[in-house]
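First the structure, in the form of structure tokens, and then the observations on it.
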Amino acid sequence: MAILYVSVHGGHSGGYCGHASDRLADVVARYYELGFEWVCLTEHMPSPSIAMMAPEESDNGLTVESWRQNFADYMSEARALQVEYAGRMDILVGFETDAYSGYESAVASLIEEHQPDMIVGSVHHVHDQYIDFEKARFEEASRLSGGIEQLYCDYFDKQFELINRFEPAVVGHFDLIRLLDEDYPHRWDVPEIMQRAYRNLDRIRELGLILDLNMRAMKKGASEPYVSEPFMKYAIANDIAMVPGDDAHAVADVGGGFEEGLSVFAARGGSTNWRKPGIGRHVGHRSMA
């Protein structure tokens, strides 16, 4: 049986993301050209402060207000594309979270204002330092944690907090913390790290969430997608849904890494009976009290 092409996390574009390129309409058109059955458009949430903006955003003179308006424009265009492709390719309109200081109220506000179909719950910061942007920031986060093993623990603790607070339909690139750590396979031998990671996976199963089988790792030269081998095997053994996400940031990224990533996934016994996020499911936020 042919494997259906889907993406549970993607659709970043140059108009709405400072480190992406190409128009959103062109990115979506490429999904359609490649025969995707359905896609989730999950642009990054706007930063609630200048300090938390990516360098390319603040360097371009964007303000908190202008970035929030830019996000509103994204939601409007994404909804229009959803209507345009109806009956040909299903599109779910959502966004991707961050987890820096103040994210709780920022995410809740965006959900309330824009009523997304779904959200991807992602952690890109620990101690308000990017852990996937540049080595210096990763090392500063490690210093603030008191060492790299504790950094991994802090990352999974932050992810657990995010999962419990928002119950995102999709948990984004589960082990992104490994990106700038060439020795990451050794971290999976540390009991304190693994206990936290398995705790998070158990919670994902309990809540019926989906793991983003994120193929962007393959594009960056990794030998396996996010989710790494021990977590992928655990998810397979425990019936935790994993669904591909290309995390596309340009037209050329659409479907990138799928062939290699799905080969790894199949070799480990993964099911390609992809589960689609339910519209409206898990976007409701918990009380801030």
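Take the sequence shown: its letter number 90 is residue 90 in our numbering, and every next letter is one higher.
Where is the CB? At the ideal position from N, CA and C, for every residue including glycine.
The structure presented is a predicted model; accordingly, all values stated were derived computationally and were not measured.
Item, Value
"Span of the beta strand (DSSP E), counted from its first residue to its last, around Phe-95", "90-96"
"Entirely enclosed beta strand (DSSP E) segments - the segment 31-101, minimum 3 residues", "38-44, 90-96"
"Local conformation of Val-126 per DSSP, three classes", "strand"
"Leu-162 in three-state terms, based on DSSP", "helix"
"The segment 242-262 touching the segment 219-228, judged by at least three CB pairs closer than 8 Å", "yes"
"Assigned exposure category for Ser-76 - 16 Cβ within 10 Å defines buried", "exposed"
"Identified DSSP bridge partners for Pro-191", "Answer is none; Pro-191 lacks a bridge partner."
"Integer-rounded CB distance, given that Pro-116 should sit under 8 Å from Ile-210", "Not really, about 15 Å apart at Cβ, beyond 8 Å."
"Delimiting residues of the alpha helix (DSSP H) encompassing Met-232", "229-237"
"Bounding residues of the alpha helix (DSSP H) (the contiguous stretch that carries Ile-111)", "103-114"
"Residue burial classification, Arg-68 (beta-carbon count within 10 angstroms, cutoff 16)", "buried"
"Proximity to Asp-239 [Cα-Cα], best of Arg-275, Ala-72, Phe-258, Lys-135", "Arg-275"
"Beta-ladder partner(s) of Ile-119, from DSSP", "Phe-95"
"Ile-193 classed as buried or exposed, judged by whether at least 16 other C-beta atoms fall within 10 angstroms", "buried"
"Within 7 Å, strictly: CB atoms of Tyr-16 and Tyr-100", "no"
"Separation of Gln-159 from Arg-205, as counted between CA atoms", "14 Å"
"Of the listed residues Val-83, Glu-84, Phe-166, nearest to Ile-119 (C-alpha basis)", "Phe-166"
"Bounding residues of the alpha helix (DSSP H) (the contiguous stretch that carries Met-242)", "Element bounds for Met-242: not the alpha helix (DSSP H) but the beta strand (DSSP E), 242-245."
"Member of Gly-208, Leu-4, Leu-179 whose CA lies at the smallest distance from the CA of Met-89", "Leu-4"
"Neighbourhood of Ser-287 by C-beta distance below 6 Å, restricted to the same chain and skipping five residues each side", "Here the model assigns Ser-287 a pLDDT of 44, short of 50, so the residue's position is not dependable, and the following value carries that caveat. Result list for Ser-287: empty, nothing under 6 Å."
"Cβ-based neighbour list, Met-1, same chain, cut-off 7 Å, excluding 5 preceding and 5 following", "Unreliable positioning characterises Met-1 in this predicted model, as indicated by a pLDDT of 47, which lies under 50. A coordinate reading is not provided."
"Gly-71 and Pro-48 closer than 7 Å at C-beta", "The residue asked about is misnamed: residue 71 is Phe in this sequence, not Gly. Cβ distance not < 7 Å, so Phe-71 and Pro-48 don't count as in contact."
"Nearest-angstrom Cα separation, counted from Ser-66 out to Lys-292", "Here the chain covers residues 1 to 289 and nothing more, so residue 292 does not appear."
"His-9 classed as buried or exposed, judged by whether at least 16 other C-beta atoms fall within 10 angstroms", "buried"
"Gly-261, enclosing alpha helix (DSSP H) - first and last residue", "258-267"
"Contact under 7 Å by Cβ, Asn-214 with Phe-156", "no"
"Residue of Val-251, Leu-110, Gly-280, Asn-273 minimising C-alpha distance to Leu-34", "Val-251"
"Three-state secondary structure (DSSP) of Ile-177", "helix"
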